[in-house]
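Colleague:
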Amino acid sequence: NAGVTQTPKFQVLKTGQSMTLQCAQDMNHNSMYWYRQDPGMGLRLIYYSASEGTTDKGEVPNGYNVSRLNKREFSLRLESAAPSQTSVYFCASSHREGNEQFFGPGTRLTVL
Amino acid sequence: RKEVEQDPGPFNVPEGATVAFNCTYSNSASQSFFWYRQDCRKEPKLLMSVYSSGNEDGRFTAQLNRASQYISLLIRDSKLSDSATYLCVVNNPNTGNQFYFGTGTSLTVIP
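Just so you know, the protein sequences line up as chains X and B, in that order.
Count the first sequence with the working numbering and you get residues 1 to 112, in order.
Count the second sequence with the working numbering and you get residues 1001 to 1111, in order.
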């Protein structure tokens, strides 16, 4: 069991470029989440998917889009990257909403 | 007011010491409470859930005080390997059961 996997591990973008962060889980979890972690801010929820076929905004959704491709995969897209999106991005999954969440190893993104 | 607040520390304690962290939350309707551990440049990992009656897992004890809206984590007989940042996590049933994370409390256990 790999748990939650994320790709890429590191990425550097220029302002205005786009990219997609990939996340997959092999625990047959229903719910998946995308967070960003910035110094002094704690983890903040960007988007989540309570179950396959649904997605909802979290605390900081602006500038991002998501796709729940199937039960296993949940991707995060930055259409036009901005320096304010420089952060560490974590994907997580849980059996269902409200249950403990399990995190992937993170993607460190720098936008120049 | 922040959903979850923690003392950032740092807490520097000698091996074998007992250390306690507190965390306050703002939403009285919250039902799910957790402590996560995060090592430097790694992902958060679940340390333990926090139950209404309090619960213990080896050297770790978690307690919930609903009246005062805080949760606590007690670590006994600290080990060097306990050095990490400890994150308090609380759900908010008013926002689709989203989890809110504290900014973390840094612990360093000194030989």
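For each residue, glycine too, the CB sits at the ideal point set by N, CA and C.
Owing to the predicted nature of the structure, the values given are computational and were not obtained by experimental measurement.
Quick one: measure Cβ to Cβ for X/THR55 and X/TYR47, integer angstroms, because I've assumed they're closer than 8 Å.
Modeller: As a first step, residue 55 of chain X is located in the first sequence; it is residue number 55 there, counting from the start. As a first step, residue 47 of chain X is located in the first sequence; it is residue number 47 there, counting from the start. At roughly 6 Å, the Cβ-Cβ gap stays under 8 Å, so X/THR55 and X/TYR47 are in contact.
Colleague: Expressed to the nearest angstrom, what Euclidean distance is found between the alpha-carbon atoms of X/GLN6 and X/TYR89?
Modeller: Your numbering for residue 6 of chain X matches position 6 in the first sequence. Your numbering for residue 89 of chain X matches position 89 in the first sequence. So the two alpha carbons sit approximately 9 Å from each other.
Colleague: Could you work out which residue in X/PHE103, X/LEU78, X/LYS9, X/GLN101 is closest to X/GLY16 when comparing CA atoms only?
Modeller: Reading the first sequence from its first residue, position 16 is the one you call residue 16 of chain X. Among X/PHE103, X/LEU78, X/LYS9, X/GLN101, the Cα nearest to that of X/GLY16 belongs to X/LEU78.
Colleague: Could you have a look at X/GLN85 and say whether DSSP puts it in helix, strand or coil?
Modeller: Taking the first residue of the first sequence as 1, we reach residue 85 of chain X at position 85. Helix at X/GLN85.
Colleague: Which partner residues of B/MET1048 appear in the DSSP bridge assignment?
Modeller: On the second sequence, position 48 is the one that residue 1048 of chain B refers to. Answer is B/TRP1035, bridged to B/MET1048.
Colleague: Helix, strand or coil for B/PRO1111? Go by DSSP, reduced to three states.
Modeller: Here the question's residue 1111 of chain B lines up with position 111 in the second sequence. If DSSP states are grouped into helix, strand and coil, B/PRO1111 belongs with coil.
Colleague: Enumerate in chain order the residues of its own chain whose CB-to-CB distance from X/SER18 is below 8 Å, with the five nearest sequence positions on each side excluded.
Modeller: Position 18 of the first sequence, counted from the first residue, corresponds to residue 18 of chain X. The residues are ARG77, LEU78, GLU79, SER80, ALA81.
Colleague: Examine the Cβ distances between the segment 1047 to 1059 of chain B and the segment 103 to 111 of chain X and report whether three or more of them are shorter than 8 Å.
Modeller: Taking 8 Å as the limit for Cβ pairs, the verdict is that the segment 103 to 111 of chain X does not touch the segment 1047 to 1059 of chain B.
Colleague: For chain X, find out if any of its Cβ atoms is closer than 8 Å to the Cβ of B/PRO1044; answer yes or no.
Modeller: Counting from one through the second sequence, the residue named residue 1044 of chain B turns up at place 44. Yes, its Cβ sits closer than 8 Å to a Cβ of chain X.
Colleague: Using C-beta distances below 6 Å, list every residue in its chain close to X/ASN28, excluding the 5 sequence neighbours before and after it, in chain order.
Modeller: Here the question's residue 28 of chain X lines up with position 28 in the first sequence. Contacts found: none.
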